[in-house]
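*Asks:* Structure below; questions to follow.
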Amino acid sequence: MSLQITGADEVLKALENGVEIKLVLVDREEDCRDIIQMCESRNIPVTEGSSTDLWRMSANGQQKALALIGREPKGTLEEVFEREGVIWLFDGVEYAPNLGFGVRTAEVSGATAVIINVNKTHEERRTIRRAGMRATRFIPVVYATTEEILAACNRRIVVAEDIGEKAPWDADLTGDVLLVVGAENAGVSKEVLDAADEIVRLPMPGFVPSYNLQVAVSALAIERLRQLE
1 MSLQITGADE VLKALENGVE IKLVLVDREE DCRDIIQMCE SRNIPVTEGS STDLWRMSAN
61 GQQKALALIG REPKGTLEEV FEREGVIWLF DGVEYAPNLG FGVRTAEVSG ATAVIINVNK
121 THEERRTIRR AGMRATRFIP VVYATTEEIL AACNRRIVVA EDIGEKAPWD ADLTGDVLLV
181 VGAENAGVSK EVLDAADEIV RLPMPGFVPS YNLQVAVSAL AIERLRQLE
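When we follow my numbering, the leftmost residue of the sequence shown carries the number 1, and every step to the right adds one.
Structure representation (structure tokens):
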């Protein structure tokens with residue numbers, strides 16, 4: 001199921017019919033007063049964007065308004081673990097653009113949340129937002145320590161690492177699961193590996209011994225969607 005309601009007429013209709021909308025994105029250059037007023041009366045957050053922003057976010061061409069359904073766009077560590085679905089942990093990942101690419105892939109593939117266990121400066125978080133096409137507006141991105149994450153985790157942990165003995169398509173990636181991809185150089189931390197229920201390995205028959213982070217995230221995300229079909 002798509003998490004997007006596309007177009008001003010469809011958004012307005014959904015509001016009138018009481019659909020549970022989590023957030024509305026409107027074109028600041030268009031007249032969207034009816035939608036904004038209805039959202040305000042229902043305490044639904046409204047975010048303004050440029051026409052280009054709406055075009056890039058739209059599932060169907062240029063639109064004046066889009067609505068997010070089916071996913072809370074914000075949440076604490078404890079709150080996101082109370083929700084169903086897949087949560088991503090980018091364990092020890094330092095490079096901000098890679099984190100942005102990962103957040104975008106997680107959002108596009110319908111994840112519940114993203115967790116990052118490395119502190120990031122204001123400028124680095126800005127880079128993450130920009131690299132991820134500002135997908136952080138539509139999915140919770142939570143910063144926490146490894147200890148806090150493992151203490152709060154209430155679901156299976158599946159790690160992608162080169163010590164894995166099976167491919168992702170031979171593992172169950174469905175249901176409530178924490179999918180973990182590790183740092184560019186160090187990989188997944190020992191603490192998380194020790195807590196893992198399953199470790200999978202992406203086939204790497206070439207000379208270079210590892211994929212870029214965004215490739216690993218994409219491979220796991222798409223395989224999970226395939227299994228859910």
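Quick reminder that beta carbons are idealized off the backbone N, C-alpha and C, glycines included.
Since the structure is predicted, the reported quantities are computational estimates derived from the model, not experimental observations.
Quick check on Gly61: buried or exposed, where buried means 16 or more other Cβ atoms within 10 Å of its Cβ?
*Replies:* It counts as exposed.
*Asks:* Which stretch, first to last residue, makes up the alpha helix (DSSP H) that contains Glu107?
*Replies:* Ala96 to Val108 is the extent of the alpha helix (DSSP H) around Glu107.
*Asks:* From the DSSP secondary-structure annotation, give me the bridge partner or partners of Lys22.
*Replies:* Note: Lys22 sits in no beta bridge, so no partner.
*Asks:* Sorry if obvious, but does the Cβ on Lys64 come closer than 7 Å to a heavy atom of the ligand GTP?
*Replies:* Ligands displayed in this structure: none; no statement on the ligand GTP is therefore possible.
*Asks:* At what residue ranges does the stretch 16-77 contain a whole run of the beta strand (DSSP E), taking only runs of 3 or more?
*Replies:* For the stretch 16-77, whole beta strand (DSSP E) runs of length 3 or above, ordered along the chain, are 21-27, 46-49 and 65-69.
*Asks:* Report yes or no: is there a C-beta of chain D within less than 8 Å of the C-beta of Gly206?
*Replies:* This model lacks chain D altogether; it includes just one protein chain.
*Asks:* Quick one: Cα of Asn117 to Cα of Glu124, how far?
*Replies:* 14 Å
*Asks:* To which residues does DSSP link Gln227 through a beta bridge?
*Replies:* Answer is none; Gln227 lacks a bridge partner.
*Asks:* Taking Val159 as part of the beta strand (DSSP E), name the residues at either end of that continuous run.
*Replies:* First-last of the beta strand (DSSP E) with Val159: Arg156 to Ala160.
*Asks:* In its own chain, which residues sit with a C-beta less than 6 Å from the C-beta of Lys74, not counting the 5 before and 5 after it?
*Replies:* Pro140
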